[in-house]
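Everything on this sheet refers to the single structure shown next.
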Amino acid sequence: MTADAAIVVRELRKAYGKVEAVKGVDFEVRPGEVFGFLGPNGAGKTTTISMLCTLVNPTGGSATVAGHDVVRDRDEVRRNIGLVFQDPTLDSYLSAEQNLRFHAELYGVPKGMVDDRIRQVMEMVALWDRKDAKVMTFSGGMKRRLEIARGLLHSPRVLFLDEPTVGLDPQTRSAIWGYINQLRLLEDITIFMTTHYMDEAEYCDRIAIIDHGEIVVIDSPEALKASIGKDRVQIQTADDTGAIKALRERFGLEAAVHEGSVTFAVASGEEFVPRLFAELGMPIKSVSVSRPSLDDVFMSYTGSTIRDAEAGADNKAWMRAMVRR
Amino acid sequence: MATQTVGVRVPARGAGHDLRAIKIVLHREMLRFLNDRTRMLSMLVQPALWLFVMGTGLGSLVQGSIPGVDYRTFMYPGMISMTVIMTGMFSAGSIVWDREFGFLREMLVAPVSRGAIVVGKCLGGAIVATGQGVVILALAGLVGVPYSPALFATLLAEMFLAAFTITAFGVMLAARMKNMQTFFGLMQMAIMPMMFLSGAMFPLANLPSWLHVLTVVNPMTYAVDPMREAVFSHLDVTAQVNAVLNPGVRWFDFQVPVLLEIGVVAALGLALLGVGIAQFRRAD
């Protein structure tokens, strides 16, 4: 697999002074797959993507993208990748088409193909009818779509998307995912993306959970969810303390109150519910069973929810800022 | 929706590719300028103010001492260079702007040499500035400078060279700048003294020696003097007036010929360009 892998990363490291942002990561991305990097802000996602895109030099290890080494064959890598950054990189004083034309010339797209290709990528993101409008008149979602179109203009083998939907409304987010899925059908392309939205990670073929600069686990979303193995059951009763006690004594289950309900995990929730009603020995007002989500996966691998992890990181940054004063 | 995909294979890098990159960077510079009417206007108002307000005011003061020549005629080549220099600096400053708004990143991640981007930027700035200078050329008649094709051709070439050099200087400054305010602060700090000491506003003859030394080391002097030389060669003035208003540049006892002055500006421009490219290569 290594020979034709789209991305091969070995022991990749990046330190800024004494701070290690990425602490030796290893992974491979197969051609044609959508590979997601999932983790809280500050986990090392952007640093990793920047190294793969040749924007940041690694301090250790190696990486190849589309068969080219990111340090030694920088230009070859650049020719074969498309980039969509978190922050916009469009010239808002130029029209949408002028922005794409600039890109085509800069990437040396063969002259005879420029017009057709521009039209094609703009149609793909449904912006062709706005091609002559200045980018400054575009909404955030339209700008992101235009950037995706631009990232595809030179037919890259690997498209890097750094938080492609951050800061967009839910409708635009799902539209962007629509384009990405359509893209996989139309073009022979590998997609590497970072996100901290759990629901978006579901669209990936495989995801790597990254936390504190290290990869915790890599697998498909289904396999990851299955690896947890347990469903989450929530019940409401008149006497929560009594219910928790009864669950421990009769079923040997550890339960706790979350979001106003007694919550616990069992292997197959649906089959457990009839037993629960028969044997709990107290009236149950309502019950809900849910399959494990990626949130649960993230929590079981890192020990915190992604939101907690981010709040923690923000707190630390905030405290450092206070100390510096 | 798109039915057929147009397969694009981006070819390996070559001279042709770099040339295309230079052309598109240059093209964008011009598009940006043509789209920005306010900037165009403000660049024109300033020299017009100097020429017609300051020039007229100062001119009435010195009328007696320079018989036969309007002070504004003297200032004219200085104002051409001032326009060209301000426009070129602004073009270079847009690099800082591009960095702040992210577009610079789009250029720097492309598989082209940094040199192509910097050269494109400098040529773009030079062409835009020369275009701006053409408008000042059109005013020639109002200050008693003849509309001579030979004179205009010479001035255009000199303008282009001066603009290229100053844009290269600006690009070198802008290479590491993170925000516009710093850049424009620095630009003011650099441009003002260079302007004052270049002979654009007052003649460089009979200056105290400390001031004379400063004017000789000021690179802008070598951009202004050839333009003045060109203008005065098309005027009918006495040798005495010419000596006062158009003294040329002297290195000790050596009268520096125009061609050498132009050579100095060109060499400086290329050197600054080289430094600018090196700065961008390092700035990763």
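Chains as they are written, first to last, in the working numbering: chain A, 4 to 328; chain B, 31 to 314. The beta-carbon is built from N, C-alpha and C at its ideal position, and this holds for glycine as well.
Problem set entry | Euclidean distance between Cα positions of arginine 104 (chain A) and leucine 61 (chain B) | Translated into the one-based positions of the first sequence, residue 104 (chain A) becomes position 101. Translated into the one-based positions of the second sequence, residue 61 (chain B) becomes position 31. So the alpha carbons of these two residues sit roughly 13 Å apart.
Exercise. Going by other Cβ atoms of all chains shown within 10 Å of its Cβ, with 16 needed for buried, is glutamate 3 (chain A) buried or exposed?
Worked result: No answer is possible for residue 3 (chain A): the residues shown for chain A start at 4 and end at 328.
Exercise. Nearest-angstrom Cα distance between glycine 1 (chain A) and arginine 253 (chain A)?
Worked result: In the structure displayed, chain A extends from 4 to 328; residue 1 (chain A) sits before or after that span and is not available.
Exercise. Any idea which residues DSSP pairs valine 32 (chain A) with across the strands?
Worked result: Taking the first sequence and counting its residues from 1, one reaches residue 32 (chain A) at position 29. Per DSSP, A:Ile10.
Exercise. What did DSSP end up calling alanine 205 (chain B) once you bin it into helix, strand or coil?
Worked result: Within the second sequence, numbered from 1, the residue matching residue 205 (chain B) stands at position 175. In this structure, alanine 205 (chain B) counts as coil in the three-state DSSP scheme.
Problem set entry | Span separating the alpha-carbon of phenylalanine 190 (chain B) from that of isoleucine 125 (chain B) | The residue you call residue 190 (chain B) lines up with position 160 of the second sequence. The residue you call residue 125 (chain B) lines up with position 95 of the second sequence. Taking the straight line joining both Cα atoms gives about 20 Å.
For this session: Report the partner residues of isoleucine 238 (chain A) according to the DSSP bridge assignment.
Result: Position 235 of the first sequence, counted from the first residue, corresponds to residue 238 (chain A). According to DSSP, which records beta bridges pairwise, isoleucine 238 (chain A) is partnered with A:Val265 and A:Val290.
For this session: Starting from phenylalanine 105 (chain A), find everything on chain B with Cβ-Cβ shorter than 7 Å and list it in chain order.
Result: Here the question's residue 105 (chain A) lines up with position 102 in the first sequence. Ordered by position in chain B, the residues that pass the 7 Å Cβ test against phenylalanine 105 (chain A) are Ile54 and Arg58.
For this session: Please state if the CB of leucine 153 (chain B) and the CB of isoleucine 52 (chain B) are separated by a distance shorter than 8 Å.
Result: Here residue 52 (chain B) refers to the residue found at position 22 when the second sequence is read from its first residue. Here residue 153 (chain B) refers to the residue found at position 123 when the second sequence is read from its first residue. Yes.
Exercise. Whole alpha helix (DSSP H) runs in the region 17-88 of chain A with 4 or more residues, listed along the chain?
Worked result: 48-55 and 77-82
For this session: Report the neighbours of asparagine 272 (chain B) on chain A: residues whose CB is nearer than 9 Å to its CB, in chain order.
Result: Position 242 of the second sequence holds residue 272 (chain B). None at all; the shortest Cβ gap to chain A is about 46 Å.
Problem set entry | Touch test, the region 289-300 of chain B against the region 236-256 of chain B, Cβ-Cβ under 8 Å, three pairs minimum | Three or more pairs of CB atoms, one per stretch, sit closer than 8 Å, so the region 289-300 of chain B contacts the region 236-256 of chain B.
For this session: Pick helix, strand or coil for isoleucine 192 (chain A), following the three-state DSSP scheme.
Result: For the purposes of this step, residue 192 (chain A) is taken as residue 189 along the first sequence, with counting starting at 1. It is coil, neither helix nor strand.
Exercise. Using a Cβ-Cβ distance under 8 Å, would tyrosine 19 (chain A) count as near chain B?
Worked result: On the first sequence, position 16 is the one that residue 19 (chain A) refers to. The C-beta of tyrosine 19 (chain A) comes no closer than 8 Å to any C-beta of chain B.
Exercise. What are the boundary residues of the beta strand (DSSP E) that arginine 209 (chain A) is part of?
Worked result: Sequence index remark: in the first sequence, residue 209 (chain A) carries index 206 (1-based). Run containing arginine 209 (chain A): 209-214, per the beta strand (DSSP E) assignment.
Exercise. Residues of chain A with CB under 7 Å from asparagine 65 (chain B), in chain order?
Worked result: Translated into the one-based positions of the second sequence, residue 65 (chain B) becomes position 35. The contacting residues are Tyr96.
Problem set entry | Minimum C-alpha distance to glycine 306 (chain B) - residue among B:Pro141, B:Phe199 and B:Gly46 | Against the second sequence, residue 306 (chain B) aligns to sequence position 276. Nearest option by C-alpha distance: B:Phe199.
For this session: Excluding the 5 residues preceding and the 5 following alanine 308 (chain B) in the sequence, name in chain order all residues of the same chain whose CB lies nearer than 6 Å to its CB.
Result: Taking the second sequence and counting its residues from 1, the one referred to as residue 308 (chain B) is at position 278. Taken in chain order, the list of residues that qualify is empty.
For this session: Assign alanine 180 (chain B) to buried or exposed, taking buried as 16 or more other Cβ atoms, counted over all protein chains shown, within 10 Å of its Cβ.
Result: Reading the second sequence from its first residue, position 150 is the one you call residue 180 (chain B). With fewer than 16 Cβ atoms within 10 Å of its Cβ, alanine 180 (chain B) is classed as exposed.
For this session: State buried or exposed for phenylalanine 310 (chain B), treating a residue as buried only when at least 16 other CB atoms are found within 10 Å of its CB.
Result: What you label residue 310 (chain B) is simply residue 280 of the second sequence in a count that begins at 1. Per the 10 Å Cβ criterion, buried.
Problem set entry | Contact list for arginine 148 (chain A) against chain B, beta-carbon separation under 7 Å | Residue 148 (chain A) sits at position 145 when you count from the first residue of the first sequence. Near arginine 148 (chain A) there are no residues of chain B at all, since even the closest Cβ is about 14 Å away, more than 7 Å.
Exercise. Thinking C-beta only, is glutamate 188 (chain B) closer than 8 Å to methionine 257 (chain B)?
Worked result: Mapped onto the second sequence, residue 257 (chain B) falls at position 227. Mapped onto the second sequence, residue 188 (chain B) falls at position 158. Contact: yes.
Exercise. Are the C-beta of leucine 61 (chain B) and some C-beta of chain A separated by less than 8 Å?
Worked result: Locating residue 61 (chain B) in the second sequence gives position 31, counting from the first residue. For leucine 61 (chain B), the answer is yes, since a Cβ of chain A falls inside 8 Å of its Cβ.
For this session: Starting from glycine 132 (chain B), find everything on chain A with Cβ-Cβ shorter than 8 Å and list it in chain order.
Result: As a working mapping, residue 132 (chain B) is identified with position 102 in the second sequence. For glycine 132 (chain B), the chain A residues whose C-beta falls within less than 8 Å of its own C-beta are Phe88, Asp90, Pro91, Thr92 and Leu93, listed in chain order.
Exercise. Counting contacts by CB-CB distance shorter than 8 Å, is valine 158 (chain B) in contact with chain A?
Worked result: The residue given as residue 158 (chain B) occupies position 128 in the second sequence. It does not: the Cβ of valine 158 (chain B) has no partner Cβ on chain A nearer than 8 Å.
Exercise. Whose C-beta lies closer than 6 Å to the C-beta of aspartate 208 (chain A) among residues of the same chain, with five residues either side of it excluded?
Worked result: Numbered from 1 along the first sequence, position 205 holds the residue referred to as residue 208 (chain A). Only Glu36 and Val37 meet the Cβ criterion.
Problem set entry | When A:Glu282, A:Gly245 and A:Ile238 are compared against phenylalanine 267 (chain A), the one with the closest alpha-carbon | Residue numbering aside, residue 267 (chain A) sits at position 264 when the first sequence is read from its first letter. Measuring from the Cα of phenylalanine 267 (chain A), the nearest candidate turns out to be A:Ile238.
Exercise. Mapping DSSP to helix, strand and coil, what is glutamate 205 (chain A)?
Worked result: Residue mapping note: residue 205 (chain A) aligns to position 202 of the first sequence, counting from 1. Three-state result, glutamate 205 (chain A): coil.
Problem set entry | Presumed contact (8 Å Cβ cut-off) between valine 330 (chain A) and proline 34 (chain A), rounded CB distance | This structure does not reach residue 330 (chain A), given that chain A is present from 4 up to 328, and the question cannot be answered.
Exercise. Is alanine 178 (chain A) near lysine 134 (chain A), with beta carbons less than 8 Å apart?
Worked result: Working through the first sequence from its first residue, we reach residue 178 (chain A) at position 175. Working through the first sequence from its first residue, we reach residue 134 (chain A) at position 131. Cβ distance not < 8 Å, so alanine 178 (chain A) and lysine 134 (chain A) don't count as in contact.
Problem set entry | Beta-carbon proximity check, serine 143 (chain B) vs aspartate 48 (chain B), cutoff 8 Å | For the purposes of this step, residue 143 (chain B) is taken as residue 113 along the second sequence, with counting starting at 1. For the purposes of this step, residue 48 (chain B) is taken as residue 18 along the second sequence, with counting starting at 1. A contact, by the Cβ cut-off of 8 Å.
Exercise. What first and last residue would you give for the alpha helix (DSSP H) that runs through leucine 298 (chain B)?
Worked result: The count along the second sequence starts at 1 and reaches residue 298 (chain B) at position 268. Where leucine 298 (chain B) is concerned, the enclosing alpha helix (DSSP H) stretches over 288-312.
Exercise. First and last residue of the beta strand (DSSP E) that includes isoleucine 96 (chain B)?
Worked result: For the purposes of this step, residue 96 (chain B) is identified with residue 66 of the second sequence, where counting begins at 1. Where isoleucine 96 (chain B) is concerned, there is no enclosing beta strand (DSSP E), given that its DSSP letter is neither H nor E.
For this session: Just the chain B side, please: which residues come within less than 9 Å of glutamine 174 (chain A) by C-beta, in chain order?
Result: Translated into the one-based positions of the first sequence, residue 174 (chain A) becomes position 171. At a C-beta separation below 9 Å, glutamine 174 (chain A) has no neighbours in chain B, since its nearest C-beta there lies roughly 19 Å away.
Exercise. In the region 38-61 of chain A, which residues sit with their C-beta less than 9 Å from some C-beta in chain B, listed in chain order?
Worked result: Within the region 38-61 of chain A, those residues whose Cβ lies closer than 9 Å to any Cβ of chain B are, in chain order, Cys56, Thr57, Leu58, Val59 and Asn60.
Problem set entry | arginine 206 (chain B): contacting residues in chain A (beta-carbon distance under 8 Å) | Along the second sequence, read from residue 1 onward, the residue named residue 206 (chain B) stands at position 176. Ordered by position in chain A, no residue passes the 8 Å Cβ test against arginine 206 (chain B), which lies about 17 Å from the chain.
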